[in-house]
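Numbering follows the UniProt record's numbering, in which position 308 of the sequence shown is assigned residue number 308; successive positions increment by one, without gaps. C-beta atoms are modelled at their ideal positions from N, C-alpha and C, and glycine is treated no differently. This one's a predicted model, so the numbers in the text were calculated from it and none came from an experiment. To start, the structure under review is shown below, and the notes come after it.
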Amino acid sequence: MIWRFMVNRVWNMPKRFRDIAQQFNYVLQGTSTERPRSVICASHVSHAMDLAVSKIYINQYFDQDARKEALEMINNIRNIFINMINQSMWMDLKSKIAMINKARAINEKIGYPDYLKNDNVMKLEKDYAEFNFNLSFMPNVLSLIQLHSKRGLRALREPVDRKEWIDITPTQINAIHKLTLNEIIFPAAILQTPLFDKDAPKYLNYGSIGVIMGHEIAHGFDDHGREYDIYGHKVSGWTNETIKAFHERKKCIIEQYDNYTWTQVNRQVKGERTLNENIADNAALKQAFFAYQQWAKTHKNFDKKLPDCDKLDFCTL
């Protein structure tokens with residue numbers, strides 16, 4: 001127990017302890033240098049005061065127009081996904097209805113929790129009311145660990161607040177699909193260039209962040225996500241016939257990726273291991289491509305086109 005504590009907390013200790021840990025990491029991982037102290041300190045503050053830092057970040061780097069643009073893209077991509085379900089020939093009607101209802105009910109969280117954009121900081125003050133900092137770094141770290149643990153334990157006895165952000169903050173460059181809540185989250189930090197720019201041509205946004213949006217939507221219907229219903233309960237709405245047909249089709253994806261080889265190390269990809277990511281990636285490309293095409297039909301001459309792009313279709317790409 002003492003060893004695990006030291007390994008986890010050594011980077012919060014004085015330099016003589018960190019130097020020993022650095023030597024250990026060099027043997028174990030091959031890393032020879034410690035991150036700059038400024039980066040380490042910034043990471044500590046961002047983790048400890050995540051929502052307070054997020055408020056500063058979104059005020060500086062994310063505006064309401066960008067949020068609206070991202071929401072419009074998600075809805076367009078979701079509509080294409082629903083069209084793909086409707087056009088599918090291997091699902092029966094009951095399974096299609098369950099999938100469509102679930103897709104429509106996906107709760108999207110974009111940019112930040114609403115209260116962070118308000119001038120009223122009462123909720124932030126409440127969130128950090130128990131924080132009591134002093135001039136000694138290590139006791140502050142231990143105090144924060146205790147407070148975060150208390151928050152987690154209190155949450156076990158409280159109703160789930162669907163407006164709260166769980167496991168991710170606006171400053172994280174990531175996107176997630178929470179199956180147990182049937183929601184997707186796109187923090188402000190990922191809705192930045194080069195993945196997203198509200199003023200960029202739409203084909204760039206759909207070809208970058210749009211694919212990620214489609215990927216996260218599709219995760220709710222991959223080999224793991226299909227086991228959860230519209231409410232996030234672990235109850236599948238698919239019939240046995242549709243599940244059987246799905247298993248037959250997933251074999252094709254497994255076999256396809258089994259045939260890929262990393263030439264640098266002469267090792268084959270394991271299609272079974274990456275199945276759900278591959279399903280999400282393949283679905284995402286279709287969703288983003290057709291969503292942009294649908295958008296372009298109602299916004300003619302809005303974006304400048306690259307030469308000969310009108311000759312391309314999805315199969316060509």
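| Asked | Found |
| --- | --- |
| Helix, strand or coil at E69 [DSSP, three-state] | helix |
| Near the ligand SAM: H224 beta-carbon under 7 Å from a heavy atom | Here there are no bound small molecules, and the ligand SAM is not part of this structure. |
| Element boundaries [alpha helix (DSSP H), containing F17] | 15 to 29 |
| Whole-number beta carbon distance between F196 and A70, since they are thought to touch under 8 Å | 7 Å |
| For L28, the nearest candidate out of V7, D92, D223 (CA to CA) | V7 |
| Beta-carbon spacing of Y112, S43 below 8 Å | no |
| Counterpart residues of I185 in DSSP-defined beta bridges | K109, I176 |
| Simplified DSSP state of R37, which is helix, strand or coil | helix |
| 3-residue-minimum beta strand (DSSP E) runs that sit fully inside the region 182 to 239, ordered along the chain | 183 to 187 |
| N- and C-terminal bounds of the alpha helix (DSSP H) containing V7 | 2 to 9 |
| As assigned by DSSP and simplified to three states, the class of T261 | strand |
| Bounding residues of the alpha helix (DSSP H) (the contiguous stretch that carries residue 376) | Limits of the chain in this structure are 1 at one end and 317 at the other, which puts residue 376 out of reach. |
| Nearest-angstrom Cα separation, counted from E125 out to R9 | 28 Å |
| Start and end residues, alpha helix (DSSP H) containing S143 | 137 to 155 |
| Best match in Y61, D63, K109 for proximity to I74 [C-alpha to C-alpha] | K109 |
| R162 - DSSP class collapsed to helix/strand/coil | coil |
| Proximity winner among G207, S88, R151, relative to T242 (alpha-carbon distances) | S88 |
| Whole-angstrom distance between E255 and Q268, CA atom to CA atom | 11 Å |
| Identity of the residues DSSP links to R273 by a beta bridge | None, per the DSSP bridge assignment. |
| Cut-off 6 Å between Cβ atoms - residues of its own chain near A21, not counting five sequence neighbours on either side | V10 |
| 8 Å Cβ cutoff met for G220 and L179 | yes |
| Environment of R162 [buried if 16+ CB atoms lie within 10 Å] | exposed |
| Nonlocal neighbours in the same chain, by C-beta distance under 6 Å from E227, ignoring five residues either side | K234, S236 |
| Cut-off 7 Å between Cβ atoms - residues of its own chain near I77, not counting five sequence neighbours on either side | G210, M213, G214, I217, Q287, A288, A291 |
| Neighbourhood of H299 by C-beta, 8 Å cutoff - its chain only, sequence neighbours within 5 removed | K202 |
| I173 vs I185 beta-carbon contact at 8 Å | no |
| Opening and closing residue of the alpha helix (DSSP H) in which K117 lies | Looking at the DSSP string, K117 is not in any alpha helix (DSSP H), and its letter there is neither H nor E. |
| Anticipated Cβ contact below 8 Å, P170 with A200, distance rounded | Contact flag wrong, Cβ pair sits at about 21 Å. |
| C-beta atoms of I85 and M91 nearer than 8 Å | yes |
| Presumed contact (8 Å Cβ cut-off) between N101 and I230, rounded CB distance | 5 Å |
| For R267, the residue or residues it bridges with in DSSP | W262 |
| Cβ-based neighbour list, R67, same chain, cut-off 7 Å, excluding 5 preceding and 5 following | I110, G111 |
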